[in-house]
Amino acid sequence: MNLEKMKSVCQLRLYPDSVLRRKCLPVNDVDGAVRELINGMAEIMYTYNGIGLAAPQVGVLQRIIIGDIGEGLVALANPEIVEKNGDDRLLEGCLSLPDIHVNVARGQSIFVRGISPDGREVNQEFAGLMARIIQHEIDHLNGILIIDYASPTEKIVLNSKLKELRRRHKLNEENESYIQHAKQAEALHEIELKVKLEEMAADEAGHARLLRRILKGL
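Here the sequence shown is numbered in my numbering, starting from 2 and rising by one per residue.
Shown next as structure tokens:
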């Protein structure tokens, strides 16, 4: 992804932003732009006091995840779970779903294959909280959210909160649309003004040429 484009879209996306439901593409090359993206994701994660984040949560559809449980940043491109052991159920939250919590069953330990920020292949086992974070973030790469694991009872409880998030998202979209239209109108006005000034300059030049011809004929 182009670095400048990445910087322009790299901001925390909230439910029901459609980017959260899209499947991400594999990373072809872990280059400077990918490392910049990881740095930007980490900055956002720490700003919001999170412990995990996936690229689609900042509007980038690439298979990149990060996590930190206080033992240092873990970042992986193209993460893949090749083995899962045990089963554990725990209440999970999500930065893209503020104030939403769902009981989710995850593997207690997992063996993961991926690529590190410096381009090395990683084959590593994770357990406990970090294993849960990685499973949560890989779900994001496939367009899966914690609310998809909610029981019928949980869905009833969460309905009003999700409705409020949808209402806020609609308001934000309307505000962004208004700002975009205002910018377009301003740009159009500037173009029209420029054209008018050019026409006035052309008229003045024409009048000057006509005046010179008249003076020569006197």
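We put the beta carbon where it would ideally sit given N, CA and C, even for glycine.
Pair within 7 Å by beta-carbon distance, residue i and residue j
i	j	result
ASN104	LEU92	yes
PRO80	ILE67	no
ARG64	GLY144	no
ASP100	LYS162	yes
GLY33	HIS137	no
For residue j and residue i, the rounded distance between their alpha carbons
i	j	result
GLU126	LEU172	43 Å
GLU205	VAL28	59 Å
LEU198	GLU175	34 Å
LEU62	ALA55	9 Å
GLN12	VAL59	5 Å
LEU4	ARG90	Reliability of the predicted coordinates at LEU4 is poor, the pLDDT of 49 falling under 50, and the value obtained from them is presented with this limitation in mind. Those two C-alpha atoms are separated by around 39 Å.
GLY51	GLY71	11 Å
ASP149	HIS141	11 Å
ILE111	ILE192	59 Å
MET42	ALA202	51 Å
VAL31	ASN124	17 Å
Residues that residue i bridges to, as DSSP identifies them
i	result
GLU122	ILE116
GLN136	According to DSSP, which records beta bridges pairwise, GLN136 is partnered with nothing at all.
LYS85	ILE111
ILE65	ALA78
GLY53	GLY68
ALA106	ARG90
ALA128	SER110
LEU163	LEU163 pairs with nothing; no bridge assigned.
Classification of residue i by the beta-carbon crowding that lies within 10 angstroms, buried from 16 upward
i	result
ALA78	buried
VAL158	exposed
MET131	buried
LEU21	buried
ALA128	exposed
ILE139	buried
ALA76	buried
ARG14	buried
Proximity to residue i [Cα-Cα], best of the options
i	options	result
HIS102	GLY120, ASN86, GLU155 and ARG167	GLU155
LEU26	SER19, PRO57, LEU15 and ARG14	PRO57
ARG133	GLY115, ASP88, ARG114 and SER117	ASP88
ALA106	VAL31, ALA151, ALA202 and LEU38	ALA151
ILE116	VAL35, GLY94 and SER19	VAL35
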